[in-house]
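Going by the working numbering, the sequence shown opens with residue 40, and the numbers climb by one from there. Everything on this sheet refers to the single structure shown next.
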Amino acid sequence: MSGAQSTTAAINKNILRPGTTNAQSRTVDGTSLWKQYHLGSANVDESQIPRFNSIRDQGKRMVRLTPTAANLTDRIEVNGPWLHPEELDPVAFQKKEFCAFFGQFGQISSITVGKKAKSTITFDNCDSVARCTQQPIYKIRGQDFLVWETRPSGSIRKKLRATRNLSSESASVPNNQIQLPPDMTNKIFVSGPLLHPQEMDPQTFQKEEFRTYFGQFGKVINVTVIKYDSSTVTFTNCDSAAKCIQQRTHNIRGQDFIVHPAKPSNGMRKKLKCMGSDGNTRHSRKEKSSFEKDK
Numbered sequence: 040m041s042g043a044q045s046t047t048a049a050i051n052k053n054i055l056r057p058g059t060t061n062a063q064s065r066t067v068d069g070t071s072l073w074k075q076y077h078l079g080s081a082n083v084d085e086s087q088i089p090r091f092n093s094i095r096d097q098g099k100r101m102v103r104l105t106p107t108a109a110n111l112t113d114r115i116e117v118n119g120p121w122l123h124p125e126e127l128d129p130v131a132f133q134k135k136e137f138c139a140f141f142g143q144f145g146q147i148s149s150i151t152v153g154k155k156a157k158s159t160i161t162f163d164n165c166d167s168v169a170r171c172t173q174q175p176i177y178k179i180r181g182q183d184f185l186v187w188e189t190r191p192s193g194s195i196r197k198k199l200r201a202t203r204n205l206s207s208e209s210a211s212v213p214n215n216q217i218q219l220p221p222d223m224t225n226k227i228f229v230s231g232p233l234l235h236p237q238e239m240d241p242q243t244f245q246k247e248e249f250r251t252y253f254g255q256f257g258k259v260i261n262v263t264v265i266k267y268d269s270s271t272v273t274f275t276n277c278d279s280a281a282k283c284i285q286q287r288t289h290n291i292r293g294q295d296f297i298v299h300p301a302k303p304s305n306g307m308r309k310k311l312k313c314m315g316s317d318g319n320t321r322h323s324r325k326e327k328s329s330f331e332k333d334k
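Structure, rendered in structure tokens:
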């Protein structure tokens, strides 16, 4: 085969860094570049590798901002190439660079680096995001970052509407007039953000905080963190859960949490139907007839 020899060079070491192009095939100065997404390599002319090395850091990256609400965490999505030098671990270096730069706008709760250098940065509050978006373009190690706001996802919007409805309802209804559901259980749902500091495990810290706070209403036997904004707290009896939901909004470590009773499962509903108001078991007609025969 005539012409320059073709060789396979790793994306991270010899040519473009990951994320500098999102095209399956493109031409750079007459040289074809086929990007293999899963292998992270490309076929190029061997003589062209030094020239690709000289332009590999000229790609642009974009920062996508997703504001939520004051009682939910705010997240930034960072899309673009790796920033790490070739001799360092890319994930650790990317986290360190993002934490150092975006930390000027406020406390960062977590940084997650995904594939192809797509990252998410979560702040503690919305004020940090507002300060971050005052300037549209930022530079990190000579690279341009474009910052803009996007609408929350459909699931986030539903949660925000539900939170606002519960907040307005709790503000308009006195605590002593809140009606308890007839099938009240000993479990409640708690909606709100994670409280953990950056250096601690989120679920462990959340469980300990909830166990300490909700312990004032009664003995807590279990705390389960379902998602980053949803948890369940189980008491030993229904009276403790009833006292807790008399106050819909609870402030824990400066964050507002909405509590509401958990709906019983189908099996629990059947058990509740079999129980009378005085705690005695309700028997079916067949059971009653069998009891009468025994007598």
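Glycine included, C-beta positions come from ideal geometry on N, C-alpha and C.
Apart from the five residues just before and just after residue i, which ones in its own chain have a Cβ nearer than 8 Å to its Cβ?
i: residue 256; result: 274, 279, 280, 282, 283
i: residue 258; result: 274, 275, 279
For residue i, list the residues DSSP reports as bridge partners.
i: residue 295; result: 290
i: residue 149; result: 161
i: residue 168; result: Residue 168 pairs with nothing; no bridge assigned.
i: residue 274; result: 259
Which residues bound the alpha helix (DSSP H) around residue i?
i: residue 228; result: Here residue 228 belongs to no alpha helix (DSSP H); instead the beta strand (DSSP E) covers 226-230.
i: residue 132; result: 129-141
Quick check: the Cα distance between residue i and residue j, rounded to an integer number of angstroms?
i: residue 180; j: residue 297; result: 42 Å
i: residue 131; j: residue 250; result: 34 Å
i: residue 173; j: residue 291; result: 30 Å
i: residue 161; j: residue 171; result: 12 Å
i: residue 226; j: residue 272; result: 6 Å
i: residue 148; j: residue 141; result: 11 Å
i: residue 143; j: residue 302; result: 43 Å
i: residue 243; j: residue 159; result: 22 Å
i: residue 254; j: residue 288; result: 16 Å
i: residue 247; j: residue 128; result: 34 Å
i: residue 137; j: residue 294; result: 25 Å
i: residue 178; j: residue 260; result: 50 Å
i: residue 176; j: residue 252; result: 42 Å
i: residue 139; j: residue 182; result: 15 Å
In the DSSP assignment, find the beta strand (DSSP E) that holds residue i and state where it starts and stops.
i: residue 282; result: Element bounds for residue 282: not the beta strand (DSSP E) but the alpha helix (DSSP H), 277-284.
Among the residues of its own chain, which have a CB less than 7 Å from the CB of residue i, if the five just before and after it don't count?
i: residue 134; result: 150, 152
i: residue 270; result: 229, 245, 249, 262, 263, 264
i: residue 333; result: At residue 333, the pLDDT of 49 sits below 50, so the modelled position is not reliable; the number obtained from the coordinates is stated separately. The answer is none, since no qualifying residue turns up.
i: residue 169; result: none
i: residue 77; result: A caution first: residue 77 carries a pLDDT of 31, below 50, which makes its placement in the model too unreliable to give a value.
Leaving out five residues before and five after residue i in sequence, what residues of the same chain have Cβ atoms less than 6 Å from its Cβ?
i: residue 97; result: In this prediction, residue 97 has a pLDDT of 45, which is less than 50 and means its spatial position is unreliable; what the coordinates show is noted afterwards. Once the five neighbours on either side are set aside, residue 97 has no close Cβ partner at all.
i: residue 299; result: 228
i: residue 145; result: 162, 167
Could you round the C-beta distance between residue i and residue j to whole angstroms and report it? I think they count as a contact, below 8 Å.
i: residue 224; j: residue 165; result: Their Cβ separation, rounded to whole angstroms, is 34 Å, which puts residue 224 and residue 165 out of contact at 8 Å.
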